[in-house]
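Comments concern the structure below.
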Amino acid sequence: MEARLQDGRAEKGAVTKRSGPLAGTALCALDEIDEPGAKGLTLGSDGSHLDIFLIRKDGAVYAYLNLCPHAAARLDNWPDRFLTQDETQILCGNHAALFRIEDGFCTSGPCAGKSLERIAVEVRDGMVRVAA
43 MEARLQDGRA
53 EKGAVTKRSG
63 PLAGTALCAL
73 DEIDEPGAKG
83 LTLGSDGSHL
93 DIFLIRKDGA
103 VYAYLNLCPH
113 AAARLDNWPD
123 RFLTQDETQI
133 LCGNHAALFR
143 IEDGFCTSGP
153 CAGKSLERIA
163 VEVRDGMVRV
173 AA
């Protein structure tokens, strides 16, 4: 299966229908994410895709499914806009829920107490990849 990233690049073998992104899948170069900042990606094609986003903060990279636990909708209303203005929390653009960057836990809003689904990632050779 082929992953189609938001910027149009292809990444083969990135998604399976049951397990999500495969370990080792290259998501993007680390320097494509501002510090602090966020980047949205779409993995997969042909009706089998995952929308995810990456956040870079304090030298770490975090990844989550782009799906609010409140309304099962994407968090971003504009490309790569996942953070509050002060870049300290994740913001759902639909109902203003706030999530901690470090663990995806919702601290405020209609889904308070729930969490975003995290994807384990690692940085290797300057690339952000799905971790094993």
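Note that the numbering used here numbers the sequence shown so that position 12 is 54, with each residue one more than the last. Glycine included, every Cβ here is placed at the ideal spot set by N, Cα and C.
Burial of alanine 80 is indicated by the presence of at least 16 other C-beta atoms within 10 angstroms of its C-beta. Secondary structure of aspartate 93 (DSSP, three-state): strand. Non-local beta-carbon contacts of valine 165 in its own chain, meaning distances under 7 angstroms to residues more than five positions away in sequence, involve Leu72 and Val103 in chain order. Collapsing the DSSP output to three states places leucine 69 in a strand. A direct Cα-Cα distance of roughly 30 angstroms separates proline 78 from serine 90.
Counting only residues of its own chain and dropping the five nearest sequence neighbours on each side, tryptophan 120 has a CB closer than 8 angstroms to the CB of Gly135.
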